[in-house]
Amino acid sequence: MEDLAIYIHWPFCLSKCPYCDFASVPSFDASLYKEFGELLLLDLKNSSKYLDSRCVGSVFFGGGTPSLMHPESVDKILNFIVKKYSIKCDVEITLEANPATFDRNKMQNFKNAGINRLSLGVQSFSDENLKFLGRIYDGKQAINASEIVSGIFENFSFDFMYGYECQTMENLRDDLDHAINFGCKHVSCYQLVFEENTPFYRKMLSGDIKKIDENEEVNFYNFIEDTLHSRDIFRYEVSNYSMRGFESRHNLSYWEYGDYLGIGPGAHSRIFFDGNKCEIVKASDPFLWRAKFGEAEEVNILNEREKLQEMILMGMRLVGGVAIENLYKKNSPRIVDEVITERKLKFLKEQNLISNSNEFIRLTRNGFIKMNSVISFLLED
Ligand code: SF4
């Protein structure tokens, strides 16, 4: 059976960023942090039936802001996994961190607990940009946090946000230069999206914030790829770039539609269990999740069409695309033929949205810019 990826969701942040619609709530409460550290461990223990006889290839502490966790909680969780399950010898263990939430000592303790890859959600190094994004630290703190991380970890990544009105090509270039100069092996660049029910969305509707136009978005996107490419950091997914061999193995499990188990409030799972690919549904509100703790979880078996749709939806994000042979191997051939028709592929090739290959369905550079429309077209009846 293929390796298993474990995702552990930490639901708290120090404050809520105005563009964020992730499952996270603001809290400073140290006792709550401790309690949720214990609950995450218990949730993992309760999920043993999905883990038995599997080999763990990656563990990812995401959130929220998992760098708010006590390193002892991380240590206990990782200890449990190591003692109880079989682990790949080169297992990747990532923790996401916010620059305002740790010092050198805490970061060293995370490393001692077993974290071997750090993802720093820096978003920008510019004071003005950070203020616009509602982040709770300034450029100096971002630099300081990056120095700490780069002094402790060999394998680390930076997250940036791009595509908003006060950002210029120059400060985007500065951000990328900083990341490269710190020696990072991986960069994620996410375009600012105005998600409904966020303060930014309301400000956009009222005209207080302007969305940048589509051409500017494309310029930013291409600029990021070209800048990183020239420094041997290559795009391998729509928003992710790495040096060769430093792709996020955990995230590849999602995009390659492997098996992953989600622990904690709202954490998603896709796992082969009892002969079926299943999703496990957990309450995303942390307090509701806590209140329902111990109750039987909702486990849904995915049907053939859903499996194929998800596989396309995730796989098309990859620069390598989706192998057609794999689609047939992992899905009902009849459903593949029904959904992925020659007519659709021919049309997308003619529009230069997918490459001219009979083995892969792979977006072109132009196709990546219109990725969502291309995927919707491919999946429509
Ligand atoms: S720190 Fe991250 S998860 Fe928390 S509110 Fe900000 S963007 Fe969302």
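Residues in the sequence shown are numbered from 84 upward in steps of one, following the numbering used here.
All C-beta atoms in this analysis are idealised placements derived from N, C-alpha and C, irrespective of residue type, glycine included.
- Rounded to the nearest whole angstrom, the C-alpha separation of CYS100 and THR148 is 11 Å.
- Contact check between the stretch 433-445 and the stretch 403-416: three or more CB pairs, one atom from each, fall below 8 Å, which counts as touching.
- The shortest CA-to-CA distance from ASN188 to any of PHE430, ARG318, PRO154 is the one to PRO154.
- Taking non-hydrogen atoms of the ligand SF4 into account, the C-beta of LYS214 is found less than 7 Å away from none of them.
- Your pair ALA88 and TYR343 checks out as a contact, with CB atoms roughly 4 Å apart and the cut at 8 Å.
- Distance check between TYR133 and each of PHE370, GLY358, ARG388, THR424 places GLY358 closest, using alpha-carbon atoms only.
- ALA350 sits close to LYS365, with the two beta carbons spaced by under 8 Å.
- The beta carbon of ASN435 sits closer than 7 Å to the beta carbons of THR447, ASN449 from its chain, once the five residues preceding and following it are set aside; these are given in chain order.
- In this structure, PHE105 has its CB closer than 7 Å to one or more heavy atoms of the ligand SF4.
- When distances are taken from the beta-carbon of GLY147 to the heavy atoms of the ligand SF4, the shortest one is below 7 Å.
- In this structure, DSSP gives GLY266 a state outside helix and strand, which the three-state scheme calls coil.
- ILE235 and LEU97 have their alpha carbons spaced roughly 24 Å apart.
- In this chain, the beta strand (DSSP E) harbouring GLU175 covers 169-180.
- When DSSP states are grouped into helix, strand and coil, SER114 belongs to the helix group.
- The C-alpha of ASN238 lies about 20 Å from the C-alpha of LEU151.
- The nearest non-hydrogen atom of the ligand SF4 is 7 Å or more from the C-beta of CYS272.
- Fully contained in the stretch 119-158 are the following alpha helix (DSSP H) runs of length 4 or more, in chain order: 131-134.
- Closest by C-alpha distance to GLY246, out of ILE295, PHE215, LYS223, VAL205, is ILE295.
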